[in-house]
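Peer 1:
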Amino acid sequence: WHEVPLSAAAQSLLAGLLAQAQGELKKGEKLSDYIFPGRGGKGHREEIKTQWRELCIAAELVDVTTLANGKTKVTPNVRIHDLRHTNASVLVSKGVPLTIIGRMLGHSQVSTTARYAHLYDDPLREAAELASAALAPVKPAPEPTPEDPEPAGANVIPIKQRRK
8 WHEVPLSAAA QSLLAGLLAQ AQGELKKGEK LSDYIFPGRG GKGHREEIKT
58 QWRELCIAAE LVDVTTLANG KTKVTPNVRI HDLRHTNASV LVSKGVPLTI
108 IGRMLGHSQV STTARYAHLY DDPLREAAEL ASAALAPVKP APEPTPEDPE
158 PAGANVIPIK QRRK
């Protein structure tokens, strides 16, 4: 295992969880030493599939299938590991060096971390986003008023028609 520093937002979230847990303690109970304690407050939780499934259902991140027997099967379409992958990909997109990302993920080889580099580090996608951002401030022409039946604004013609 390895240690990773927590952001201020994560620390704040955990402080809120701690305060909530302290408020829910019954007389004579003691808080666990773990953020996510195991059953009966002993040790730490090793498996969180049930909680992850419930979270995905609440966030509507599931595939729902009706089986031949009429029962419904609910399958999360996001895995816990996807969060780790997304985090690494976002860091790549923000220009964080692969060596630093690898240290955060506990990778011993930069080549392992490099697998995440393709997701957001795409110059074509970046160019498309820049073009989109440049066009975003353009406002549509105002709606015509009863006194002015013709809409205000430019007369737009198709490019092919203009080239004739």
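Each residue of the sequence shown is one higher than the one before, starting from 8 at the first, in the working numbering. Each residue gets a CB set at the ideal place from its N, CA and C atoms; glycine is no exception.
Residues in its own chain within less than 6 Å of residue 60 by CB, not counting five upstream and five downstream?
Peer 2: 83
Peer 1: Kindly identify the DSSP beta-bridge partner or partners of residue 44.
Peer 2: 51
Peer 1: Is there contact here, the region 71-86 with the region 95-110, by at least three beta-carbon pairs under 8 Å?
Peer 2: no
Peer 1: To the nearest angstrom, how far is it from the Cα of residue 52 to the Cα of residue 72?
Peer 2: 29 Å
Peer 1: At the level of alpha carbons, what is the spacing between residue 27 and residue 142?
Peer 2: 46 Å
Peer 1: Bridge partners for residue 73 per DSSP, in chain order?
Peer 2: 79
Peer 1: What does a CB cutoff of less than 6 Å around residue 123 pick up in its chain, not counting 5 residues either side in sequence?
Peer 2: 95, 96 and 99
Peer 1: For residue 63, which residues of its own chain have a beta-carbon under 8 Å away from its beta-carbon, when the five flanking residues on both sides are left out?
Peer 2: 69, 83, 84 and 85
Peer 1: What did DSSP end up calling residue 102 once you bin it into helix, strand or coil?
Peer 2: Coil.
Peer 1: Quick check: the Cα distance between residue 14 and residue 150, rounded to an integer number of angstroms?
Peer 2: 48 Å
Peer 1: Assuming contact is defined by CB atoms lying nearer than 8 Å, are residue 131 and residue 117 in contact in what I supplied?
Peer 2: With respect to residue 117, residue 131 sits apart: the two C-beta atoms are not nearer than 8 Å.
Peer 1: Evaluate residue 25 with the Cβ neighbour count: other Cβ atoms within 10 Å of its Cβ, from every protein chain shown; 16 or more gives buried, anything less gives exposed.
Peer 2: exposed
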